[in-house]
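Let me begin by presenting the structure, written as structure tokens, before commenting on it.
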Amino acid sequence: MNDTLREVFSDGFAAPLGEVIAAVGRGVADAQAALDRASLEATLEVYHDEGTAAATLLRDIGYRPTFYVLPETTCEVQVSMRVGGSNGVDGAANAAPGSPASMRSRPYVTPVDAGFANRFGYQASASAKLTFKIVPVPPPSALDDNRPVPDLIGRTGGDADAALASLGLFAAFRAAGDKPVAREEALKMNVRAQDSPPLALIAIGGTVTLTVA
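For the sequence shown, the numbering used here gives the first residue as 5, with consecutive numbering after it.
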């Protein structure tokens, strides 16, 4: 978030108050996105059929990664404020005659730190405080009764069948041109297509039809 604010104003330079507030909001949004990405990556690792032995064990015992949210963020920043316009002291140069005073001026803020205080003799404590909560929330309920389909193209029928079985899913086989094929033969052939794309959610006990050749 500090980098986001730094883009808005640098030491000793004022910035519109709205841009400062928006920069703080973008920082909070970036933090939430980072939490979401971490939870999603952990979830995919657990349900990846080629994951580590530890991930397989976690899946077998029913473990699911926790998701987190930022339900509340409080930010206190010490700033110096002035009201003015870009082309005039009161902003009149940018406003139409007779327009309200609120349209002729904008609030600007400058960060108060040690350099600003020494330069302008500003008497105020240079401080900033950011308070936030990170609260765990239940993972998406869709994972209760569904499993993500792995990418099975290029594998043998036997490997694909085992991968689906580890997720509680079943494999059905067919030859090219939708022709029937014996299961014993299909297990030795290579998967060329699957009717459910990778990462699609399928209900536990569901069937994925594989085309082998």
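By construction, the Cβ of each residue, glycine as well, lies at the ideal position given by its N, Cα and C atoms.
Drop a sphere of 10 angstroms on the beta-carbon of residue i, count the other beta-carbons inside from all chains shown, and report buried for 16 or more, exposed for fewer.
i    : result
G22  : exposed
G161 : buried
P154 : buried
V195 : buried
R187 : exposed
A169 : exposed
A26  : exposed
A57  : exposed
D199 : exposed
A33  : exposed
S129 : With a pLDDT of 46 at S129, under the threshold of 50, the modelled position of this residue cannot be trusted; read the value that follows with caution. It is exposed - the Cβ of S129 has fewer than 16 other Cβ atoms within 10 Å.
Would you report the Cα separation of residue i and residue j, rounded to the nearest angstrom?
i    : j    : result
A166 : D148 : 21 Å
A42  : P69  : 9 Å
C79  : L62  : 38 Å
T213 : A35  : 40 Å
P143 : P184 : 40 Å
P201 : A37  : 26 Å
E49  : L39  : 16 Å
Y67  : H52  : 13 Å
R178 : G210 : 17 Å
F174 : A164 : 10 Å
L74  : T135 : 11 Å
G172 : G158 : 21 Å
G95  : G29  : Summary for G95: the model assigns pLDDT 43, below 50, so the residue's position carries little reliability; its value from the coordinates is reported in the next sentence. Rounded to the nearest angstrom, the two C-alpha atoms are 27 Å apart.
V4   : P152 : In this structure the chain extends from 5 to 217, so residue 4 is not present and cannot be described.
K3   : D182 : Coverage of the chain is limited to positions 5 through 217, which leaves residue 3 absent and any answer about it impossible.
Suppose the cutoff is 6 Å on Cβ atoms and the five residues either side in sequence are ignored; what does the same chain contact list for residue i look like?
i    : result
A197 : T215
A190 : G161, F177 and V216
T47  : P69
Just to confirm before moving on: does the CB-CB distance between residue i and residue j stay below 7 Å?
i    : j    : result
N150 : A207 : yes
E76  : K137 : yes
A180 : A217 : yes
L203 : A146 : no
Y72  : P20  : no
Checking contacts by CB at 7 Å: is residue i closer than that to chain B?
i    : result
T211 : No chain B is present in this structure, which holds just one protein chain.
Quick one: residues in its chain with C-beta nearer than 7 Å to the C-beta of residue i, no 5 flanking neighbours on either side, listed in chain order?
i    : result
L156 : A164, A167, V195, Q198 and L214
I65  : none
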